[in-house]
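In my numbering, the protein residues as written are 361 to 933. Note that the Cβ used here is the ideal one computed from N, Cα and C, for glycine as well. These numbers were taken from a predicted model, which means no experiment stands behind them. Structure record follows, encoded as structure tokens.
Structure below.
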């Protein structure tokens, strides 16, 4: 019998202890003099000032000093509890608020904060009990229902949460806020049908708000209930006849019903509507772009695009979208024209500039590339690709000094595209040569070949540069030997090989390499013909040498000594 009473005795002891503590505090509170109470008020004001200024540590210290002097100073207990909640000491806050509520049992803010302290400490069911007590006392405070329900949600007590919201609906009727909360609870509870019942209630209650009917449409279409979806689509169109999403779902409904002609007409109606924004239409076209057709019909895509630019002639996005379709269908010239039109309307989209510059770069239209990359460099100086395109255009249009500057800038900005990065290094090495910066050129070729050891073009160019200058012939020989492997049919490689052999004074072998280079299409290269004439001269065939020197001068591209070679019939370097 004694053992069975022990728990009850323990509770009684604790209750008596708490009562004794409170009575002691009460006696201390009652003994305060008017002067002491005035001092406490001053300290309270100072503590609150610190709290407002964000100095929590000083505020806490002062509030605690007040409570030491007056354990029942409820305002200090309350303010200290709030600060303790902010510092993660929610359990301490609970005890402080218990005392404050004994002093002022009818203070709603103490009781509200008491419930919040339980929430902070993760005791959601205890918090829910407190909110329930409060709403029973203050039934007009509807937010208390929300607080209680959300505590149940935190503990996955979904039915209890629904019950609370249902009680609230009995008081205030169906509301958007309550309905949406019930929807999310049912969704988390894995009860999609009940969730959609809540949306149906909202759609019926608030027909002027089409988002609820649209949510039903999406659900019904996704779950194969097209007939129910049609009812909701019509509800939306009744209040919002131009709603693009409703028309899109109506098109899907027609498609599922086997009437693709009506489905296509709905898509045309969306695109042709001036009330539908460009962004909604672009989103629609992105789906068409991925599919490549409209419900299996690819013939309507370009008429739809024509409609798009007709309705939105001043929208850059419309022309850019049209260009993307043309580009996908390999209609590059037309796509380029559309992209350029887009840029006339809106210069702020770098992606369009990038597409235009890429197209000119790939087509080797360097004058146009120079014009666009120059403009782009002013608008997007932070884009490394702009400087690559500008440097490339400058190099290929003979602006070598400017090309060096642009390509150095591109390299410093770390091009992310490896192929573009290597090409920038190659062009920079060549531009250094054109500006007589041979050591910088050699260093750049070395850097490029180290980064891309299979770059035969770079090895050939580097070898040619060394051989042309008559420097590091052994290195030039190694480079061209590596470059020629698998590239024996390239005229420019055979040309370099012949020049290296010439430097090695292997004249017969050099002449053979030059002849091979000419047979591979190099017979219109003035530099190649001049070099072949040079080796013929050393092979004692002066008449043939003169003939090829003359041909080289006529073709252009020969060296600065060509006239003197012809006049004196002699080799100069």
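Determine the closest residue to residue i out of the options, with distance taken between C-alpha atoms.
{"i": "residue 794", "options": "444, 754 and 570", "result": "754"}
{"i": "residue 826", "options": "672, 789 and 576", "result": "789"}
{"i": "residue 593", "options": "578, 394, 923 and 524", "result": "578"}
{"i": "residue 778", "options": "417, 759, 744 and 584", "result": "744"}
{"i": "residue 874", "options": "557, 845, 408 and 908", "result": "908"}
{"i": "residue 624", "options": "599, 751, 661 and 848", "result": "661"}
{"i": "residue 640", "options": "677, 612 and 666", "result": "677"}
{"i": "residue 1000", "options": "737, 448, 464 and 764", "result": "Residue 1000 is absent from the structure shown; the chain starts at 361 and stops at 933."}
{"i": "residue 718", "options": "830, 520 and 692", "result": "692"}
{"i": "residue 642", "options": "490, 458, 681 and 634", "result": "681"}
{"i": "residue 761", "options": "796, 923 and 736", "result": "796"}
{"i": "residue 725", "options": "817, 756, 751 and 910", "result": "756"}
{"i": "residue 915", "options": "791, 885, 925 and 770", "result": "885"}
{"i": "residue 839", "options": "850, 817 and 526", "result": "817"}
{"i": "residue 314", "options": "550, 589 and 605", "result": "Limits of the chain in this structure are 361 at one end and 933 at the other, which puts residue 314 out of reach."}
{"i": "residue 502", "options": "522, 517 and 538", "result": "538"}
{"i": "residue 586", "options": "868, 617, 556 and 605", "result": "617"}
{"i": "residue 665", "options": "632, 696, 697 and 393", "result": "632"}
Beta carbon of residue i, beta carbon of residue j: below 8 Å?
{"i": "residue 654", "j": "residue 627", "result": "yes"}
{"i": "residue 454", "j": "residue 481", "result": "yes"}
{"i": "residue 679", "j": "residue 658", "result": "no"}
{"i": "residue 541", "j": "residue 575", "result": "no"}
{"i": "residue 505", "j": "residue 528", "result": "yes"}
{"i": "residue 441", "j": "residue 422", "result": "no"}
{"i": "residue 649", "j": "residue 684", "result": "yes"}
{"i": "residue 656", "j": "residue 620", "result": "yes"}
{"i": "residue 580", "j": "residue 558", "result": "no"}
{"i": "residue 902", "j": "residue 860", "result": "no"}
{"i": "residue 906", "j": "residue 929", "result": "yes"}
{"i": "residue 784", "j": "residue 775", "result": "yes"}
{"i": "residue 511", "j": "residue 487", "result": "yes"}
{"i": "residue 443", "j": "residue 389", "result": "no"}
{"i": "residue 552", "j": "residue 600", "result": "no"}
{"i": "residue 820", "j": "residue 852", "result": "yes"}
{"i": "residue 515", "j": "residue 562", "result": "no"}
{"i": "residue 751", "j": "residue 770", "result": "yes"}
{"i": "residue 893", "j": "residue 912", "result": "yes"}
{"i": "residue 803", "j": "residue 823", "result": "no"}
{"i": "residue 534", "j": "residue 565", "result": "yes"}
{"i": "residue 425", "j": "residue 403", "result": "yes"}
{"i": "residue 634", "j": "residue 671", "result": "yes"}
{"i": "residue 854", "j": "residue 880", "result": "yes"}
{"i": "residue 309", "j": "residue 462", "result": "Nothing can be reported for residue 309: it is not among the residues displayed for the chain, which extend from 361 to 933."}
Pull up the CB-CB distance for residue i and residue j, whole angstroms please, since I reckon it's below 8 Å.
{"i": "residue 636", "j": "residue 675", "result": "The pair is not a contact, with the Cβ atoms about 12 Å apart (cut-off 8 Å)."}
{"i": "residue 721", "j": "residue 749", "result": "6 Å"}
{"i": "residue 607", "j": "residue 630", "result": "5 Å"}
{"i": "residue 877", "j": "residue 864", "result": "So it is not a contact: roughly 17 Å between Cβ atoms."}
{"i": "residue 862", "j": "residue 891", "result": "7 Å"}
{"i": "residue 396", "j": "residue 429", "result": "7 Å"}
Apply the 10 Å Cβ neighbour rule to residue i and answer buried if 16 or more other Cβ atoms are within range, or exposed otherwise.
{"i": "residue 384", "result": "exposed"}
{"i": "residue 524", "result": "buried"}
{"i": "residue 811", "result": "exposed"}
{"i": "residue 932", "result": "exposed"}
{"i": "residue 747", "result": "buried"}
{"i": "residue 612", "result": "buried"}
{"i": "residue 473", "result": "buried"}
{"i": "residue 398", "result": "exposed"}
{"i": "residue 469", "result": "exposed"}
{"i": "residue 459", "result": "buried"}
{"i": "residue 361", "result": "With a pLDDT of only 39 at residue 361, under 50, the local geometry of the prediction cannot be trusted, and the value read off the model is given with reservation. When all chains shown are included, residue 361 counts as exposed."}
{"i": "residue 387", "result": "exposed"}
{"i": "residue 918", "result": "buried"}
{"i": "residue 716", "result": "buried"}
{"i": "residue 479", "result": "buried"}
{"i": "residue 368", "result": "In this prediction, residue 368 scores a pLDDT of 42, lower than 50, which makes its location untrustworthy; no coordinate-derived value is stated."}
{"i": "residue 766", "result": "buried"}
{"i": "residue 651", "result": "exposed"}
{"i": "residue 646", "result": "exposed"}
{"i": "residue 363", "result": "In this prediction, residue 363 scores a pLDDT of 43, lower than 50, which makes its location untrustworthy; no coordinate-derived value is stated."}
{"i": "residue 375", "result": "At residue 375 the pLDDT is 41, less than 50, meaning the model places this residue with poor confidence; the figure from the coordinates comes in the next sentence. By the neighbour-count rule (16 or more Cβ atoms within 10 Å), residue 375 is not buried but exposed."}
{"i": "residue 490", "result": "buried"}
{"i": "residue 830", "result": "exposed"}
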